[in-house]
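Reviewing the structure listed below.
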Amino acid sequence: MSDEGRAAAVALLAQADAILAGHSSGHSATLAAFLARQATEALIETRCTELVGPVPGATTRSKLAILKSLDHTEAGQALVLSWYRLSGYCHVHAYELPPTVGEVRAACEQVMGVVDVH
C-alpha cells in the first residue's frame, strides 16, 4: 500500500479517535465516522491503484466494485464492509438513533487493521 494513502488514512483515523475520546456533543460519533470513512476511501483509492492503475474520476461505488471483483484478500473485503458500515453511520435519519461511540470505534479499528496489514 502506498505510503501517501496510508499516511492520510492514519492521520484521519487519529483525528477520529481524538473526537471519540473527547467529551464533545452528541454528534461526535457521526463526525468521527465521517473522518473514518474518508480514511477508508483513501485506502480504497490506494488499493485500486495497486490492482488496476490510477482510476481518476471513478466514483467510490465503482472503486468498491473493483475491490469486490479483483481483491480477494481479507483486507480488501474489510475495506468494502467498513465503507458500507461507516456510510450508514454518516447518513443518520431523524427517526434513527445515531451511531454509538463504541460502534464507530470498532469500525475505526477494523480500518486500522487494514493499515497495519499493509
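Here the sequence shown is numbered in the numbering used here, starting from -8 and rising by one per residue.
Glycine included, C-beta positions come from ideal geometry on N, C-alpha and C.
**Asked** Is the beta carbon of residue 80 less than 8 Å from the beta carbon of residue 24?
**Response** yes
**Asked** Just the Cα atoms here: how many angstroms apart are residue 44 and residue 102?
**Response** 22 Å
**Asked** In three-state DSSP terms, what is residue 85?
**Response** coil
**Request:** Apply the 10 Å Cβ neighbour rule to residue 93 and answer buried if 16 or more other Cβ atoms are within range, or exposed otherwise.
**Result:** exposed
**Through-space distance from residue 20 to residue 63, alpha-carbon basis** = 31 Å
**Request:** If I'm right that residue 71 touches residue 59 with Cβ under 8 Å, what's the distance once you round it to whole angstroms?
**Result:** 6 Å
**Message:** Spatial neighbours of residue -1 within its chain, please: C-beta separation below 8 Å, excluding the five flanking residues on both sides.
**Reply:** 30 and 33
**Request:** Measure the beta-carbon distance from residue 27 to residue 7 and round it to whole angstroms, keeping in mind my assumption that it falls under 8 Å.
**Result:** 5 Å
**Prompt:** Can you tell which of -4, 5 and 78 has its C-alpha closest to the C-alpha of residue 38?
**Reply:** -4
**Request:** Please go through the same chain and pick out, in chain order, the residues whose beta-carbon is closer than 8 Å to the beta-carbon of residue 42, but skip the five residues on each side of it.
**Result:** 57, 58, 61 and 62
**Prompt:** Where does residue 62 fall in DSSP's three states?
**Reply:** coil
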